[in-house]
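*Asks:* Taking the numbering used here, the leading residue of the sequence shown gets 1, the next gets one more, and so forth.
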Amino acid sequence: MYRFSNTTLGYLNLLTLLASIPLIGAGLWMTHSSSSLCTTSLQTPVVVIGFIILLVSLAGFIGACFHIAVALWLYLVFMFFLILALFGLAIFGLAVTTGGGGHEVPGREYKEYMLRDYSGWLRDKIEEKEYWKMALGCIVGSKACDDIQFWSPLDFLQRDLTPVESGCCKPPTTCMFTGSMVVLDEDCYRWSNDSGLLCYRCDSCKAGVLEQVRRDWHNISVLNIVVVVFLMAVYALGCCAFRNVRRAESEYPHSMHASMSKLHPRWDYHWLRWIRNKREDLY
């Protein structure tokens, strides 16, 4: 159908334009209401992404619906770089999230995690003082270890643990079976019964945080691949819409109605005509 791409592109960008408004609102709300380091680190990216989606969608909507070639050209340029950025981020995310997964503990439902299992980039990141300080603030602020401190030995045998709970809220399982053997795991000496210390200084705690980050980042990377495929389809529609607008301008260079022919009126022509007829019927 003639101009099908223009109409479809217009509706798609209208939806993303409306979706960007609550996204920006959520980022601004976190700025004023959040006191936890876990969410304050997300404020700036959320707001920036929201404004980028708003501007790009606005350019695409105006260009497709009002047949403005310059707006469509800007839309296609921004979309091209956005697709490249998301694709690169997805590939990088999949590359650095290889490994990990934890180790089974005999007789236990939970797993334990070790720093050596993760990529060098993630290990270097977690060793940075500022990053670890922020991550530790998230753990303490979320009170992840409050319930586990009151578990019985039977609970540790029958119940599962999240990566953070396994690494930060208890000593490594090998520390519980030392007896007369020499303890080789340094985390056994870093563990403390103090509720404010626990195993927060342990390498197992850093590994537990990395496992949670790895899982989340891997899921986001897979989602990015899906989004890139969708954006490529939208980009193809945008190219068709841009070609339609340029063709209309070249066919009717001096006409005030260059973007609308008698055989194929613009997308809003029928709606405006229907509203005008209804108004005439009322009066």
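Backbone N, C-alpha and C fix where the C-beta goes; we use that ideal spot for every residue, glycine too.
Buried or exposed: which applies to Arg159, given that a residue is buried once 16 or more other Cβ atoms fall within 10 Å of its Cβ?
*Replies:* In the sequence shown, counting from the first residue as 1, residue 159 sits at position 159. Arg159 is exposed by the Cβ-count criterion.
*Asks:* Go ahead and pull the three-state DSSP assignment for Lys143.
*Replies:* On the sequence shown, residue 143 is found 143 positions in, with the first residue counted as 1. It is coil, neither helix nor strand.
*Asks:* Would you grab the beta carbon distance between Asn6 and Ala64 for me? Rounded to a whole angstrom, and I think it's under 8 Å.
*Replies:* For the purposes of this step, residue 6 is taken as the residue at position 6 of the sequence shown. For the purposes of this step, residue 64 is taken as the residue at position 64 of the sequence shown. Confirmed, about 5 Å.
*Asks:* Under the three-state reduction of DSSP, which class applies to Lys129: helix, strand or coil?
*Replies:* As a working mapping, residue 129 is identified with position 129 in the sequence shown. Of the three classes helix, strand and coil, the one that applies to Lys129 here is helix, per DSSP.
*Asks:* Just to confirm the assignment, what range does the alpha helix (DSSP H) spanning Ser166 have?
*Replies:* Residue 166 sits at position 166 when you count from the first residue of the sequence shown. Counting along the chain, the alpha helix (DSSP H) containing Ser166 begins and ends at Pro163 to Cys168.
*Asks:* Excluding sequence positions up to five away, which residues of its chain have a Cβ less than 8 Å from the Cβ of Asn224?
*Replies:* Looking up residue 224 in the sequence shown gives position 224. Cβ neighbours of Asn224 beyond the five flanking positions: Leu86, Phe87, Leu89, Ala90 and Gly93.
*Asks:* What does DSSP give as the partner residues of Glu112 in its beta bridges?
*Replies:* Taking the first residue of the sequence shown as 1, we reach residue 112 at position 112. DSSP lists His103 as partners of Glu112.
*Asks:* For Ser221 versus Thr44, is the C-beta spacing smaller than 8 Å?
*Replies:* The residue labelled residue 221 in the question sits at position 221 within the sequence shown. The residue labelled residue 44 in the question sits at position 44 within the sequence shown. Going by C-beta atoms, Ser221 is not nearer than 8 Å to Thr44.
*Asks:* With C-beta atoms as the reference, is Cys205 less than 8 Å away from Cys168?
*Replies:* Indexing the sequence shown from 1 puts residue 205 at position 205. Indexing the sequence shown from 1 puts residue 168 at position 168. Yes, the pair counts as a contact, with Cβ atoms nearer than the cut-off.
*Asks:* Tell me whether the beta-carbon of Leu76 lies closer than 8 Å to the beta-carbon of Phe242.
*Replies:* As a first step, residue 76 is located in the sequence shown; it is residue number 76 there, counting from the start. As a first step, residue 242 is located in the sequence shown; it is residue number 242 there, counting from the start. Contact: yes.
*Asks:* Can you grab the Cα-Cα spacing for the pair Asn219 / Arg247, in whole Å?
*Replies:* What you label residue 219 is simply residue 219 of the sequence shown in a count that begins at 1. What you label residue 247 is simply residue 247 of the sequence shown in a count that begins at 1. Computed Cα separation, rounded: 42 Å.
*Asks:* Just to confirm my understanding: we take Leu54, look at its own chain, exclude 5 residues before and 5 after, and list those with CB closer than 6 Å. What are they?
*Replies:* For this step, residue 54 is matched to residue 54 along the sequence shown. Hits under 6 Å: Ser20.
*Asks:* So is Trp191 buried or exposed if we call it buried at 16+ other beta carbons inside 10 Å?
*Replies:* For the purposes of this step, residue 191 is taken as residue 191 along the sequence shown, with counting starting at 1. So Trp191 counts as buried.
*Asks:* Taking the C-alpha atoms as reference points, what is the distance between Ser259 and Leu58?
*Replies:* In the sequence shown, residue 259 corresponds to position 259, counting from 1. In the sequence shown, residue 58 corresponds to position 58, counting from 1. Residue confidence is low: Ser259 scores 45 on pLDDT, short of 50, so the model does not pin down where it sits. Its coordinate-derived value is still stated next. Near 19 Å, if we compare the C-alpha coordinates of Leu58 and Ser259.
*Asks:* If you draw a straight line from the C-alpha of Phe81 to the C-alpha of Val227, how long is it?
*Replies:* Sequence index remark: in the sequence shown, residue 81 carries index 81 (1-based). Sequence index remark: in the sequence shown, residue 227 carries index 227 (1-based). For Phe81 and Val227, the distance between alpha carbons rounds to 14 Å.
*Asks:* Pro153 lies in the alpha helix (DSSP H); which residues open and close that run?
*Replies:* Residue numbering aside, residue 153 sits at position 153 when the sequence shown is read from its first letter. Looking at the DSSP string, the run of the alpha helix (DSSP H) that includes Pro153 is Pro153 to Gln158.
*Asks:* So Gly50 and Ile24 are supposed to be a Cβ contact under 8 Å. How far apart are they, rounded?
*Replies:* Walking along the sequence shown from the start, residue 50 turns up at place 50. Walking along the sequence shown from the start, residue 24 turns up at place 24. Confirmed, about 4 Å.
*Asks:* Run through DSSP, which three-state label would Gly193 get?
*Replies:* The residue labelled residue 193 in the question sits at position 193 within the sequence shown. What sits at residue 193 in the sequence shown is Asn, not Gly. Residue state, collapsed to three classes: coil.
*Asks:* Would Lys170 be called buried (16 or more neighbouring beta carbons within 10 Å of its own) or exposed?
*Replies:* For the purposes of this step, residue 170 is identified with residue 170 of the sequence shown, where counting begins at 1. It counts as buried.
*Asks:* Which first and last residues belong to the alpha helix (DSSP H) in which Leu76 is found?
*Replies:* Walking along the sequence shown from the start, residue 76 turns up at place 76. From DSSP, the alpha helix (DSSP H) with Leu76 extends over Ala69 to Val96.
*Asks:* I need the DSSP call for Arg214, collapsed to helix, strand or coil.
*Replies:* Looking up residue 214 in the sequence shown gives position 214. Helix.
*Asks:* Shorter than 7 Å, the distance from the beta carbon of Gly141 to the closest heavy atom of the ligand COA, or not?
*Replies:* Among the ligands in the structure shown, none appear at all, so the ligand COA cannot be discussed.
*Asks:* Do Val164 and Gly208 count as a contact pair if the criterion is CB distance below 8 Å?
*Replies:* Position 208 of the sequence shown, counting from 1, holds the residue named residue 208. Position 164 of the sequence shown, counting from 1, holds the residue named residue 164. Yes.
*Asks:* Of the residues Cys199, Gly10, Met232 and Thr173, which one's Cα is nearest the Cα of Arg108?
*Replies:* The count along the sequence shown starts at 1 and reaches residue 108 at position 108. Nearest of Cys199, Gly10, Met232 and Thr173 to Arg108, Cα basis: Thr173.
*Asks:* Below 8 Å on the Cβ atoms is my guess for Glu132 versus Ile126; work out the distance and round it to an integer in Å.
*Replies:* Walking along the sequence shown from the start, residue 132 turns up at place 132. Walking along the sequence shown from the start, residue 126 turns up at place 126. A quick correction: the sequence has Trp, not Glu, at residue 132. About 6 Å; that satisfies the 8 Å criterion.
*Asks:* In three-state terms, what does DSSP make of Tyr289?
*Replies:* Outside the shown range of the chain (1 to 283) lies residue 289, about which nothing can therefore be said.
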